[in-house]
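> 147 is the number that the numbering used here gives to position 141 of the sequence shown; each next residue is one higher, with no gaps.
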Amino acid sequence: MIVSDPFKGLYIDRWVGEVLHYTGMGKSGDQSIGFMQNKTLAESSVNGVAVHLFEVHKPSVYSYVGPVELASEPYQDAQNGEDGTSRKVWIFPVTPKTGSTKPLSLEALRIEAEAQAKRAKALSDAALKAKAKQSGSTRVGVRPAITQQYQRNPWVAEYAKRRAAGHCQLCTKPAPFSTKAGEPYLEVHHVQWLSQGGADTIENTVALCPNCHRMMHVVGSADHAEKLSAAAAP
Ligand SMILES: [Zn+2]
Ligand SMILES: [Zn+2]
């Protein structure tokens with residue numbers, strides 16, 4: 007059984023498509039491929055031991071991914087150990103056996119990223135710098151995720167932008183820049199969010215500058231929403 011837990015901190019695992027590059031065991035000094043679980047994993051294609059993968063997307067909540075197998079030969083990489091110094095680690099590229107993956111939602115990954123960001127905020131400046139440097143690998147993980155995409159009405163969006171006549175409907179300032187086509191850049195926003203059942207109609211749609219748009223999604227108040235509703239009224 008292997009657990010990929012980004013909240014445990016020390017090991018850096020990353021997905022590349024369907025392959026998890028899983029960091030072996032050993033907290034400081036160079037890792038040995040003959041050490042405990044590393045040995046079992048390295049030999050898993052021939053020793054008949056079934057390997058099951060769990061992932062953690064929320065601290066202390068384990069989700070079962072399924073049985074995995076080695077996708078390619080284990081290789082060595084550099085990661086910092088518990089003592090903060092760089093050492094060699096073993097990376098085991100494992101992939102879920104065919105048909106055993108559950109598609110992960112973008113929402114689950116977002117929750118994971120938020121929890122990680124919280125942990126980062128709690129670190130001292132020095133500890134944060136050490137962490138940031140530790141993961142200074144040029145390799146970036148990438149994994150598929152499923153999400154819901156709203157199919158917005160293009161006529162409504164264009165109408166909302168035209169009605170705004172180049173000005174943000176919240177701060178009323180001119181759009182901060184123009185597009186390559188020379189049009190004022192504004193973003194279409196739904197006063198009552200589509201995700202909360204809002205309608206994709208001209209009465210629920212406004213055009214905002216990027217600042218105000220982001221602000222509405224982060225800390226927008228009922229007063230702001232009311233002002234926008236008035237601006238969207240026919
Ligand atoms: Zn604005
Ligand atoms: Zn919006």
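Using N, Cα and C, we set each Cβ at its ideal position, and we do this for glycine too.
1) So, Val244 versus Val71, is the Cβ gap smaller than 8 Å?
2) My assumption, with CB atoms under 8 Å, is that Arg169 sits in contact with Asp206. Please give the rounded CB distance.
3) Note down, one range per segment and in chain order, each beta strand (DSSP E) of at least 3 residues found wholly within the stretch 50 to 88.
4) Rounded to a whole number of angstroms, what is the C-alpha to C-alpha distance between Ala187 and Glu164?
5) With contact counted as at least three CB pairs below 8 Å, one residue from each stretch, are the stretch 40 to 56 and the stretch 14 to 24 in contact?
6) Would you call His196 buried or exposed, if buried means 16 or more other Cβ atoms sit within 10 Å of its Cβ?
7) Check Trp199 in the structure and name its three-state DSSP category.
8) Measure the C-alpha to C-alpha separation of Arg220 and Leu200 and round it to an integer number of angstroms.
9) Just to confirm, are Pro99 and Ala77 a CB contact at a threshold of 8 Å?
10) Cβ of Lys45 versus every heavy atom of ligand 1: is any distance shorter than 7 Å?
11) Report the rounded CA-to-CA distance for Arg93 versus Ser38, giving the unit in angstroms.
12) Give a yes or no on contact between the stretch 118 to 129 and the stretch 171 to 189, applying the rule of three or more CB pairs nearer than 8 Å.
13) Just to confirm before moving on: does the CB-CB distance between Phe60 and Ser66 stay below 8 Å?
By the coordinates alone:
1) One cannot answer for residue 244 here, as it falls past the ends of the chain, which runs 7 to 240.
2) Numbered from its first residue, the sequence shown carries residue 169 at position 163. Numbered from its first residue, the sequence shown carries residue 206 at position 200. Wrong, their Cβ atoms sit about 15 Å apart, outside the cutoff.
3) 57 to 64, 67 to 76, 81 to 86
4) Here residue 187 is taken as the residue at index 181 of the sequence shown, counted from 1. Here residue 164 is taken as the residue at index 158 of the sequence shown, counted from 1. One C-alpha to the other measures close to 15 Å.
5) no
6) To locate residue 196, count along the sequence shown from 1; it is residue 190. Label assigned to His196: buried.
7) Numbered from its first residue, the sequence shown carries residue 199 at position 193. Of the three classes helix, strand and coil, the one that applies to Trp199 here is coil, per DSSP.
8) As a first step, residue 220 is located in the sequence shown; it is residue number 214 there, counting from the start. As a first step, residue 200 is located in the sequence shown; it is residue number 194 there, counting from the start. For Arg220 and Leu200, the distance between alpha carbons rounds to 16 Å.
9) Here the question's residue 99 lines up with position 93 in the sequence shown. Here the question's residue 77 lines up with position 71 in the sequence shown. In contact: Pro99 and Ala77 (Cβ atoms closer than 8 Å).
10) Looking up residue 45 in the sequence shown gives position 39. Checking every heavy atom of ligand 1 against the Cβ of Lys45, none is found closer than 7 Å.
11) Working through the sequence shown from its first residue, we reach residue 93 at position 87. Working through the sequence shown from its first residue, we reach residue 38 at position 32. Going from the Cα of Arg93 to the Cα of Ser38 covers about 11 Å.
12) no
13) Taking the first residue of the sequence shown as position 1, residue 60 is located at position 54. Taking the first residue of the sequence shown as position 1, residue 66 is located at position 60. In this structure, Ser66 does not lie closer than 8 Å to Phe60 by Cβ.
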